[in-house]
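Trainee: With this note's numbering applied, the first sequence has no gaps in its numbers, which climb one by one up to 262 at the end.
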Amino acid sequence: MKPTPTSEAELLERALSISGYTFAELAAEANIAVPDNLKKDKGWVGQLLEWHLGASAGSKPQPDFVELGIELKSIPISYQGKPLETTFVSVAPLIGVHGLKWAQSHVKHKLAKVLWIPVEGEREIPLGERRVGSPLLWTPSADEEAQLQQDWEELMEMIVLGQVEQITARHGEVLQLRPKAANSRALTEAYGANGKPIMTLPRGFYLRTQFTHQILQRHFGQ
DNA sequence: GCGTGATCATGA
DNA sequence: TCATGATCACGC
Numbered sequence: 041m042k043p044t045p046t047s048e049a050e051l052l053e054r055a056l057s058i059s060g061y062t063f064a065e066l067a068a069e070a071n072i073a074v075p076d077n078l079k080k081d082k083g084w085v086g087q088l089l090e091w092h093l094g095a096s097a098g099s100k101p102q103p104d105f106v107e108l109g110i111e112l113k114s115i116p117i118s119y120q121g122k123p124l125e126t127t128f129v130s131v132a133p134l135i136g137v138h139g140l141k142w143a144q145s146h147v148k149h150k151l152a153k154v155l156w157i158p159v160e161g162e163r164e165i166p167l168g169e170r171r172v173g174s175p176l177l178w179t180p181s182a183d184e185e186a187q188l189q190q191d192w193e194e195l196m197e198m199i200v201l202g203q204v205e206q207i208t209a210r211h212g213e214v215l216q217l218r219p220k221a222a223n224s225r226a227l228t229e230a231y232g233a234n235g236k237p238i239m240t241l242p243r244g245f246y247l248r249t250q251f252t253h254q255i256l257q258r259h260f261g262q
């Protein structure tokens, strides 16, 4: 693990310095083995980038760069530069959320400042040959934040009303709620009808690819 | 089980 | 072809 950058400029500089390199090259420097594919190593690319950028590892619910208040997100893109996957934001709170406001939400805080690192994601490209793209430090525009807030409020209202199991990935224009669990047998507490506790699948908030594509386009064009 | 890092794989 | 629902690994 590299030392943690002490300024935004230093972090950006370091992100720029790894752009253009292949995963194999970056893995060699980090002394990490390159898996054949990501089937059983879904977080491998993210962890490779964390190592090179000096992000604080671990499963702590705080930004990757605490001092800088910056979240690191790798984003796999197609040959056309379009995101191939949705972007996980955070676990959704399903209980104790009465009176929870957007301003206090984990989603707002996590997305306040994000360092996006596009990476080649086409599965036909051998993992070691995929390259890291140019970084983008992003803060939501007023419009983007308004969209996020609207979706978040709609989804959280359903959760509070005990309708979490009626929520599908089709809800939300830019932010969606989907399972985030080891498997479909995992359970966590939530509100059911009439406020009675129920056990349900843990959920997470995800950004739709259409939304992240716009973010990349706004910066890189095309 | 929770939260971190996400992508897989199948049905529409 | 593509998005939804399911899944994988790890530290604690």
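C-beta atoms are modelled at their ideal positions from N, C-alpha and C, and glycine is treated no differently.
Source: prediction; values computed, not measured.
Measuring CB to CB, does LYS122 end up less than 7 Å from HIS259?
Mentor: Their beta carbons are not under 7 Å apart, which means LYS122 does not touch HIS259 by this criterion.
Trainee: Tell me the DSSP bridge mates of VAL240?
Mentor: A quick correction: the sequence has Thr, not Val, at residue 240. Answer by DSSP bridge pairing, in chain order: THR228.
Trainee: How should MET239 be labelled, buried or exposed, when 16 other C-beta atoms within 10 angstroms of its C-beta is the threshold for buried?
Mentor: So MET239 ends up on the exposed side.
Trainee: Can you tell me which residues form a DSSP beta bridge with GLU111?
Mentor: VAL154.
Trainee: Per DSSP, which residues does TRP178 bridge with? Please list them.
Mentor: VAL154.
Trainee: Assign PRO166 to one of two classes, buried (16 or more other C-beta atoms within 10 Å of its C-beta) or exposed (fewer than that).
Mentor: The residue in question, PRO166, is exposed, as its Cβ has fewer than 16 Cβ neighbours within 10 Å.
Trainee: Cα separation between ILE157 and LYS113?
Mentor: About 6 Å.
Trainee: For VAL85, report the span of its alpha helix (DSSP H) as first-last.
Mentor: Looking at the DSSP string, the run of the alpha helix (DSSP H) that includes VAL85 is 84-93.
Trainee: Can you confirm whether the region 172-179 touches the region 47-57 when touching is taken to mean that 3 or more C-beta pairs between the two stretches lie within less than 8 Å?
Mentor: Yes: at least three Cβ pairs fall under 8 Å.
Trainee: So GLN216 is in the alpha helix (DSSP H); what residue range does that whole segment cover?
Mentor: Segment 215-219 is the beta strand (DSSP E) holding GLN216; no alpha helix (DSSP H) there.
Trainee: For VAL172, list the residues DSSP reports as bridge partners.
Mentor: VAL159, per the DSSP bridge assignment.
Trainee: Helix, strand or coil: which one does DSSP assign to VAL200?
Mentor: VAL200 falls in the helix class under three-state DSSP.
Trainee: Per DSSP, what kind of secondary structure is ILE72 in: helix, strand or coil?
Mentor: The answer is coil: DSSP assigns ILE72 none of H, G, I, E or B.
Trainee: Could you compute how far the alpha carbon of GLN189 sits from the alpha carbon of GLU162?
Mentor: For GLN189 and GLU162, the distance between alpha carbons rounds to 32 Å.
Trainee: Just the Cα atoms here: how many angstroms apart are GLU197 and ARG225?
Mentor: Using only the alpha carbons, I get a separation of about 25 Å.
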